[in-house]
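Colleague: Sharing a structure with you now.
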Amino acid sequence: MPAVVFTWGFCGLNEDNKNAVSPLPFRLHLETSATEQPVSVSAGTFFTVVITNKGNVFVCGRGKYGRLGTGDEDDVPKLKRIQFGKDVKIAEVPIYICCLL
Numbered sequence: 017m018p019a020v021v022f023t024w025g026f027c028g029l030n031e032d033n034k035n036a037v038s039p040l041p042f043r044l045h046l047e048t049s050a051t052e053q054p055v056s057v058s059a060g061t062f063f064t065v066v067i068t069n070k071g072n073v074f075v076c077g078r079g080k081y082g083r084l085g086t087g088d089e090d091d092v093p094k095l096k097r098i099q100f101g102k103d104v105k106i107a108e109v110p111i112y113i114c115c116l117l
């Protein structure tokens, strides 16, 4: 079964790099293997963090202040895997920052 994550509200960016505002859930595409599934989803102000059962971290949204952990402040419209080591278990995403365990 493919990995499926949904979001709604002010969701950061859509695939055209425009503000994504939706009162209804829409799908975020998560590119993983058949054995890798999302186990944790956290949302901050204008960004989303997904952790998989393999401990991988995927992010999307507004990159301002470096909040996505990509090493820059670029916006990321689609879920993108970031290099964060291995076996991440928990994401805490209050507003403009992100903490991972």
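Each position in the sequence shown, counted from 1, maps to that position plus 16 in this note's numbering. From the three backbone atoms N, C-alpha and C, an ideal C-beta is built for every residue, glycine too. Just so we're clear, the structure is a prediction, and the values are computed from it rather than from any experiment.
Excluding the 5 residues flanking VAL92 on each side, which residues of the same chain have their C-beta closer than 7 Å to its C-beta?
Modeller: VAL75, CYS76, GLY77, GLY79, LEU84, THR86
Colleague: Can you tell me the Cβ-Cβ gap for LEU44 and VAL21, rounded? I've got them flagged as a contact below 8 Å.
Modeller: 5 Å
Colleague: In terms of residue numbering, what span does the beta strand (DSSP E) encompassing THR68 cover?
Modeller: 63–68
Colleague: Would you give the residue range spanned by the beta strand (DSSP E) that GLY79 belongs to?
Modeller: Element bounds for GLY79: n/a, residue is neither H nor E.
Colleague: List the endpoints of the continuous beta strand (DSSP E) containing ALA50.
Modeller: Segment: none, ALA50 is in no beta strand (DSSP E) and carries neither H nor E.
Colleague: Among PHE42, THR48, LYS96, which residue has its Cα nearest to the Cα of LYS70?
Modeller: LYS70 has its Cα closest to that of THR48, out of PHE42, THR48, LYS96.
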